[in-house]
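S.K.: Mind having a look at this structure? Questions to follow.
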Amino acid sequence: MGLEKIKGFIFDLDGVISNTSVLHSKAWKQIADKVGTPWNDKLAEDLKGVDRMDSLNLILDRGNLQGKYSEEDKLALAQEKNDNYLNLVDQMSPADILPGIKEFLDSLRDNGYLIALASASKNAPTVLEKLQLSEYFQKVVNPALLSKGKPDPEIYTKGAEILDLAPEQCIGIEDAEVGIAAINGAGETSIGIGSADILKDADIVFASTDELTLANIEKAL
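Here you go:
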């Protein structure tokens, strides 16, 4: 299969459009430090692409701290993480767009492809605004309306729906293992950005965003 069947591209945000995953990590590390869960690369990787409450529960599980916090405490910690994150987002600008992404979005638009965003982050529209990319993403999946987070395919199924496309007409782009599982589960073609070992289930893997071009995708398909 080449690109002839593809009509739309569905993007994750963190680690694909901008390195907001680094900001999420910083904000979650502040929470992990506060509750006393040791921070390491494995925890940082496992939090990628996971929604807010699931991320908090993961941090508490890793520190064997689940019994110490009520639902009310957890909501307060999740809110604190979000405040930390928004302070970091506030400093973002178009300089924070990952290499090649603006050019890729231009080429998709010029070639008539539909574009949607499928981010677990409720702050995604704010980030797009800071990056000055909102005009490319007329269609954004609202994570508040989802019943399940990644790796469940729901977010990518919704992405195809809001573009009025069948799943097989869509390519999803992710940097996290849970995201690739979600794209594959939705029956879409998956592109992973990052390590081929971690993203081994992706249909196509590019080491970095600057390899993301229509020509390279066509070749890989």
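Each number in this note's numbering corresponds to the 1-based position in the sequence shown with 106 added.
All residues carry an ideal CB built from backbone N, CA and C; glycine is no exception.
Model, not experiment: these values are computed from the prediction.
Taking just the CA atoms, how far does Gly155 sit from Ser296?
M.R.: 15 Å
S.K.: Starting from Gly114 and walking both ways along the beta strand (DSSP E), at which residues does that stretch end?
M.R.: DSSP places Gly114 in the uninterrupted beta strand (DSSP E) bounded by Gly114 to Phe117.
S.K.: Measuring straight from C-alpha to C-alpha, what distance separates Ile137 and Asn170?
M.R.: 15 Å
S.K.: Going by the CB atoms, is the gap between Val122 and Asp281 shorter than 8 Å?
M.R.: yes
S.K.: Using only alpha-carbon positions, find the residue among Ala321, Val284 and Lys208 that is nearest to Lys306.
M.R.: Considering only alpha carbons, the answer is Val284.
S.K.: On the DSSP bridge list, what partners appear for Thr295?
M.R.: Answer by DSSP bridge pairing, in chain order: Ile277.
S.K.: Can you check DSSP and say which residues form a bridge with Ala222?
M.R.: Ile116 and Lys245
S.K.: When you compare the CB positions of Thr263 and Ala222, do they come within less than 8 Å of one another, or not?
M.R.: no
S.K.: Label Arg215 either buried or exposed according to how many other C-beta atoms from any shown protein chain fall within 10 Å of its C-beta, with 16 as the threshold for buried.
M.R.: That one is exposed.
S.K.: Looking at the structure shown, is Val284 part of a helix, part of a strand, or coil, going by DSSP?
M.R.: helix
S.K.: Between Lys174, Leu239, Gly206 and Lys135, which lies nearest to Ser199 when the distance is taken from Cα to Cα?
M.R.: Leu239
S.K.: Alpha carbon to alpha carbon, how far is Gly206 from Ala182?
M.R.: 38 Å
S.K.: Put Glu122 into one of helix, strand or coil per three-state DSSP.
M.R.: Per the sequence shown, the amino acid found at residue 122 is Val instead of Glu. Coil at Val122, not helix or strand.
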